[in-house]
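Asks: In the numbering used here, the protein residues as written are 18 to 191.
No residue lacks a Cβ here, since even glycine has one placed at the ideal position from N, Cα and C.
Attaching a single structure in structure tokens format; questions to follow.
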Amino acid sequence: MEEIIHELLSEEVVAAKIEEIAQQIDRDYAGKTVHMICILKGSIFFFSELAKRIKLPVTMDFMSASSYGNGTESSGHLEIKKDLDEPVDGRDIIVVEDIIDSGHTLSLIKKIILARNPASLKLCTLLDKPDRREADIEPDYTGFVIPDEFVVGYGLDYAQRYRNLPYIGVLEFK
Numbered sequence: 018m019e020e021i022i023h024e025l026l027s028e029e030v031v032a033a034k035i036e037e038i039a040q041q042i043d044r045d046y047a048g049k050t051v052h053m054i055c056i057l058k059g060s061i062f063f064f065s066e067l068a069k070r071i072k073l074p075v076t077m078d079f080m081s082a083s084s085y086g087n088g089t090e091s092s093g094h095l096e097i098k099k100d101l102d103e104p105v106d107g108r109d110i111i112v113v114e115d116i117i118d119s120g121h122t123l124s125l126i127k128k129i130i131l132a133r134n135p136a137s138l139k140l141c142t143l144l145d146k147p148d149r150r151e152a153d154i155e156p157d158y159t160g161f162v163i164p165d166e167f168v169v170g171y172g173l174d175y176a177q178r179y180r181n182l183p184y185i186g187v188l189e190f191k
């Protein structure tokens, strides 16, 4: 089966949106330190670019959770592969995700972090697919609302491929 990628969001459009989100975070957290949590692996490109653009003091940690395996549909089973290294109690947390579709992964991550008593918790996603939402969760910062199509690039993968594309594209099988 042939895989074809159609560009959905260019590298320039994505960069401009990340700058816009960083400016909003700077306004919302003025005078504070932001503790950013990257949800690996898909969020790493977005997380890095966002962190570089935030002018406030930033601390970082990483969590790995997956419900996809090597498919294009969520398996419905969440696996925490790597938990946080640092305590979050009393910190202003922003969880950075690459994409929210069903919302199951982020919903569970949010519950886990809230149980650890942060001062605040906000959710940030580069891409949002609200048409696929099954869990009751909404991001506080959203880059783009996209249609219900399987996307790759800018950290998003299909079977661990295409993460390195500098843009976001729709994956089509022929």
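Considering only residues of the same chain and omitting the five flanking positions on each side of TYR158, which have a CB-CB separation below 6 Å?
Replies: ILE38 and CYS141
Asks: From TYR46 to GLY160, what distance separates their C-alpha atoms?
Replies: 18 Å
Asks: Could you tell me which uninterrupted alpha helix (DSSP H) segments, each at least 4 residues in length, are contained entirely in the segment 90-138, listed from first to last along the chain?
Replies: Listed in chain order, the complete alpha helix (DSSP H) runs (minimum 4 residues) inside the segment 90-138 are 121-131.
Asks: Quick one: grab the DSSP three-state call for ARG149.
Replies: helix
Asks: Please confirm if the segment 122-137 is in contact with the segment 64-79, defined as three or more CB-CB distances below 8 Å between the two stretches.
Replies: Contact fails between the segment 122-137 and the segment 64-79, because fewer than three Cβ pairs, one in each stretch, are under 8 Å apart.
Asks: Output yes or no for whether 8 Å exceeds the beta carbon distance between ASP43 and ILE71.
Replies: yes
Asks: If you run the structure through DSSP and keep just helix, strand and coil, what is LEU67?
Replies: helix
Asks: For my contact list, GLU151 and SER119 are in at a C-beta cut-off of 8 Å; report their separation, rounded to the angstrom.
Replies: About 4 Å; that satisfies the 8 Å criterion.
Asks: Leaving aside the five residues before and after THR89 along the sequence, list all residues of the same chain whose C-beta is less than 8 Å from its C-beta, in chain order.
Replies: Model confidence at THR89 stands at a pLDDT of 49, short of 50, so the residue's coordinates are unreliable and nothing is read from them.
Asks: Could you check how far apart the C-beta atoms of ASP115 and LEU173 are, in whole angstroms? I think they sit under 8 Å.
Replies: 6 Å
Asks: Judging by CA-CA distance, which residue of GLU19, LEU125 and VAL51 is the nearest neighbour of ASP153?
Replies: LEU125
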